[in-house]
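What follows is a short report on a single structure.
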Amino acid sequence: LICKKSPPLLVALTRHRARGGPLVRPYCDFGAPRPRGWAAGAGGELVEEGAGTERIETELSARLPGARVARLDRDVAAGLKSDQVLERMRRGEVDILVGTQMVTKGHDLPNVTLVGVLNADAALSLPDFRAAERTFHLLVQVSGRAGRGDVPGRVLIQTRKPEHPAVVCAARHDVAGFVEHELEQRRELGYPPFSRMALVRCDAILEEVARATAERVCAIARSRASAETRVLGPSPAPIARLRNRYRFHVMVRAPDRSALRPSLLAIARAPFDRRARVAIDVDPLSMV
């Protein structure tokens, strides 16, 4: 939901029809009631954008009135209805299943003949060196849902980056080709597995406290870093404010763990402003 008059939010609010229409912010579940007197498309200052699972389900039901459409996402799973939806799918009582990534997680749905992936390259824009790997993995995994029965399957991928190696190799089921390209990219940039990395996360309610803490983390890390160790930052986290706390990142990268250790030990032993939190994540799974 976008307000034309408000400054841009770091994480937009999403309207959940299944919960009676409240506005919810992903990541922290902050909620707000639906504005009074507002209706989508009324020409006011609030505009609906994007395509969540609820909106896609509604659109499909309207365009294909004869189809039996079901949805599987976090809201459905929270209501303990995910098993019911999957069982209906297996019994052939559902024609179209709309879902998030959880649809791809190990469910055996033998009668699926067509899989569509919407906005498949969304994760590629994340500032994370594993973004291409995760996109490739997701596309290969979801593609495996189609054609498990006697009828061959088909996969349609919606993307703005059809030339990206993650998309091209996934479409070809070319695992070796993707691995070769990805490893070459990481070797050139010095990312794992050709180095070891630690991400130091600093956050505080006050932005100046979070920033000062991250700057101190940088200074400590650099004071103990060897010539082959790189300290990058501080920089605002990709989601710069979450749960009412400002977030900054510092990255420490070295050829091996032994080269990382002096900087990380110095950070772990240093006193910091009690209003801030400092967390060291070695070999981080997420850079967000």
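Quick note, in the numbering used here, the sequence shown goes up one by one and the last residue is 280. Glycine is no exception: its CB is placed at the ideal position from the N, C-alpha and C atoms.
GLY108 sits in a strand when the DSSP states are folded into three classes.
Here the alpha carbons of HIS241 and PRO228 stand approximately 6 Å from one another. A residue is called buried once 16 or more other Cβ atoms fall within 10 Å of its Cβ, and ALA213 is buried on that count. Following the DSSP letters along the chain, one finds ALA62 in no alpha helix (DSSP H) but inside the beta strand (DSSP E) bounded by residues 61 to 64. Your pair ASP195 and ALA123 does not check out as a contact, with CB atoms roughly 23 Å apart and the cut at 8 Å. HIS241 is bridged by DSSP to ARG193, SER227. Looking from the CA of VAL280, the closest CA among ARG152, ARG193, ARG203, CYS161 belongs to ARG193. The alpha carbon of GLN177 has as its nearest neighbour, out of HIS156, ALA59, GLU46, ALA258, the alpha carbon of HIS156.
By the neighbour-count criterion, in which a residue is buried when 16 or more other Cβ atoms sit within 10 angstroms of its Cβ, VAL90 is buried. Scanning ARG261, VAL201, MET189, ALA211 for the CA closest to the CA of VAL274 turns up MET189. No Cβ-Cβ contact shorter than 9 Å links LEU131 with ILE48. With fewer than 16 other Cβ atoms inside 10 Å of its own Cβ, VAL171 counts as exposed. Going by DSSP, LEU116 is part of no alpha helix (DSSP H) at all; its letter is neither H nor E. For ALA217, the three-state secondary structure derived from DSSP is coil. Shown here, VAL95 sits in a helix according to DSSP, grouped into three states. When the five nearest sequence neighbours on each side are left out, the beta carbons in the same chain lying within less than 7 Å of the beta carbon of ARG216 are those of PRO254, SER255, ALA258, in order along the chain.
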